[in-house]
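If you read the protein sequences in the order shown, they are chains A and B. Numbering of the first sequence is given in this note's numbering, commencing with residue 163 and proceeding in unit increments. Numbering of the second sequence is given in this note's numbering, commencing with residue 163 and proceeding in unit increments. Right, one structure below, let's go through it.
Number of protein chains: 2
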Amino acid sequence: MPEHIVSSFDEDLDELRTRIVEMGGVSEKMLADSTLALVKRDSALAQSVIAADARLDGLQRDIEELAVLTIARRQPMAVDLRELISVIRVAADLERIGDLAKNTSKRVVAISGETQPQKLVIGVQHMSDLVQAQLKDVLDAYVQRDDAQALDVWQRDDRIDALYTSIFRELLTYMMEDPRNITSCTHLLFLAKNIERIGDHTTNIAETVHYLATGVTLSVDRPKGDTSSFTKAPADPSS
Amino acid sequence: MPEHIVSSFDEDLDELRTRIVEMGGVSEKMLADSTLALVKRDSALAQSVIAADARLDGLQRDIEELAVLTIARRQPMAVDLRELISVIRVAADLERIGDLAKNTSKRVVAISGETQPQKLVIGVQHMSDLVQAQLKDVLDAYVQRDDAQALDVWQRDDRIDALYTSIFRELLTYMMEDPRNITSCTHLLFLAKNIERIGDHTTNIAETVHYLATGVTLSVDRPKGDTSSFTKAPADPSS
């Protein structure tokens, strides 16, 4: 970024914050559009999400480069350094959210011509709505340095995990009932998992906001509501 | 880390390198053991992998804390700063590898009592062998600052992706043939996906080694061999 050579430290920080907000906007739209593409069976919309990912990748590279350059050039002290490290972390999480929305959209394209159990699509949509609210709230918390809101997002992730586990069980049941739906159900399974992982990235961002606001790293284990990896059979919810 | 207040910058770097190597060793063992637990149907071994993850998480927190503290305290210039940023990145990838090996082990426990198609278990084992070799090579490349070896790892990931795609197709076929195997096959599917994602983290580390050795970020898209998200049906390999 040669154009920044003469800028001040505050200008560098402003530039970085602006780009993080831009990344946030792009990743929110990618998540919303990938879900809408699923619900509406809109392959063209899914393709536009796939195409949008390159922009997010480019933004992340710019942010990381400028943040490292700023650290090298300005030699910031504790609080400012924390802000720069946080910028790098948040950009990495947003980039991963974009990757997951892109992968989701590829799967929407793959199953566009197949039967999709509506009950499950609605379940995935509901999960995505929750994750979108989480992403919006954590980006607001980041901009406002609002530790209370960040902790709230961090706590709420277990609802998403629990919903994912119930969708997982239902998908298994559905596949067993009619093997012809296995291909589309498998894609739905990974698609739901992608959205659950986007939820995990919003909790990572919440942890970064907490670190930014307090200087302390959250070290307690987050409450886990996703027990699907322990699920032995769909009829055995206690496992 | 109050005990480091009087240490030199080189001592800080040595300490960080030592801990990265330790994290590398723990994550290699977790990956190897989770796969062995699958092949041997050894739930006790799988439980030991699940238990080992807390150690990796703790190491990552220590590394990140010490790296940030070192940046703040030593105000390093370009090359040293690059090393510290790299340490933070590599630690994050190794921590994620541990999470994935832990999730794999939970799935091994879940399916331990069920029929497991041997051909698929062998396919997963083969994929894990490739990923273990990648992880070993990229950790060596990191220690030796060997850019050529890092680029080699980075290129080789497409073999793992291709193998994952073929396992994915075979698992779908297997589920369609006999719906009673859907639960175990679904876990195998996520398990294979976890190992493929560990492969992605080894390429991330390869990119970091390249950045460390050259100061330049790899910006070209890595060759992608995993086309499973575009797979429409197991009998349609052209899609």
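Backbone N, C-alpha and C define an ideal beta-carbon position, used for all residues, glycine too. Small disclaimer: the values here were computed from a predicted structure and weren't measured.
For residue i, which of helix, strand or coil comes out of DSSP?
i                      : result
residue 358 of chain B : helix
residue 250 of chain A : helix
residue 287 of chain A : helix
residue 322 of chain B : helix
residue 186 of chain A : helix
residue 344 of chain A : helix
residue 230 of chain A : helix
residue 367 of chain A : helix
residue 179 of chain A : helix
residue 378 of chain A : coil
residue 338 of chain B : helix
residue 172 of chain A : helix
residue 220 of chain B : helix
residue 274 of chain A : coil
residue 307 of chain A : coil
residue 203 of chain B : coil
residue 239 of chain A : coil
residue 327 of chain A : helix
residue 389 of chain A : coil
residue 398 of chain B : Caution is warranted here: a pLDDT of 32 is assigned to residue 398 of chain B, below 50, making its placement in the model unreliable, and no coordinate value can be reported.
Look at the Cβ atom of residue i, then the Cβ atom of residue j, and state whether they are nearer than 8 angstroms.
i                      : j                      : result
residue 211 of chain A : residue 264 of chain A : yes
residue 304 of chain B : residue 252 of chain B : yes
residue 218 of chain B : residue 248 of chain B : no
residue 270 of chain B : residue 357 of chain B : no
residue 373 of chain A : residue 181 of chain A : no
residue 171 of chain A : residue 223 of chain A : no
residue 313 of chain B : residue 330 of chain B : no
residue 391 of chain B : residue 194 of chain A : no
residue 228 of chain B : residue 184 of chain B : no
residue 311 of chain B : residue 299 of chain B : yes
residue 233 of chain B : residue 233 of chain A : yes
residue 238 of chain A : residue 231 of chain A : no
What I want to know is whether the C-beta of residue i ends up closer than 7 angstroms to one or more non-hydrogen atoms of the ligand ATP.
i                      : result
residue 208 of chain A : Among the components of this structure there are no ligands whatsoever, and the ligand ATP is therefore not found.
Quick one: which chain E residues come within Cβ less than 8 angstroms of residue i?
i                      : result
residue 240 of chain B : In summary, chain E is missing from the structure at hand, where the protein chains are A and B.
Among residues of its own chain, excluding the 5 on either side of residue i, which ones have a beta-carbon nearer than 6 angstroms to its beta-carbon?
i                      : result
residue 297 of chain A : 190, 364
residue 319 of chain A : 361, 365
residue 192 of chain B : 211, 214, 260, 263
residue 306 of chain B : none
residue 290 of chain B : 197, 357
residue 353 of chain B : 266, 269
residue 173 of chain B : none
residue 380 of chain A : 369, 372
residue 407 of chain B : Since the first and last residues shown for chain B are 163 and 401, residue 407 of chain B lies out of range.
residue 258 of chain B : 363
Among the residues of its own chain, which have a CB less than 7 angstroms from the CB of residue i, if the five just before and after it don't count?
i                      : result
residue 186 of chain B : 256, 301
residue 241 of chain B : none
residue 226 of chain B : 250, 253
residue 370 of chain A : 248, 251, 252
residue 178 of chain A : 225, 228, 229, 249
residue 347 of chain A : 333, 336, 337
residue 203 of chain B : 274
residue 176 of chain B : none
residue 349 of chain B : 269, 272, 273
residue 276 of chain B : 345, 346
residue 295 of chain B : none
State the CB to CB distance for the pair residue i and residue j, rounded to an integer number of angstroms; the pair is presumed to be in contact (CB under 8 angstroms).
i                      : j                      : result
residue 267 of chain B : residue 196 of chain B : 5 angstroms
residue 375 of chain B : residue 309 of chain B : 4 angstroms
residue 279 of chain A : residue 341 of chain B : At roughly 15 angstroms, the Cβ-Cβ gap does not stay under 8 angstroms, so residue 279 of chain A and residue 341 of chain B are not in contact.
residue 285 of chain A : residue 339 of chain A : Rounded, the Cβ-Cβ distance is 16 angstroms, inconsistent with contact.
residue 201 of chain A : residue 283 of chain A : 6 angstroms
Could you name the residues of the same chain whose beta carbon sits closer than 8 angstroms to that of residue i, not counting the 5 residues immediately before and after it, in chain order?
i                      : result
residue 404 of chain B : Beyond the ends of chain B as shown, which are 163 and 401, falls residue 404 of chain B; an answer cannot be given.
residue 205 of chain B : 199, 270, 271, 274
residue 328 of chain A : 285
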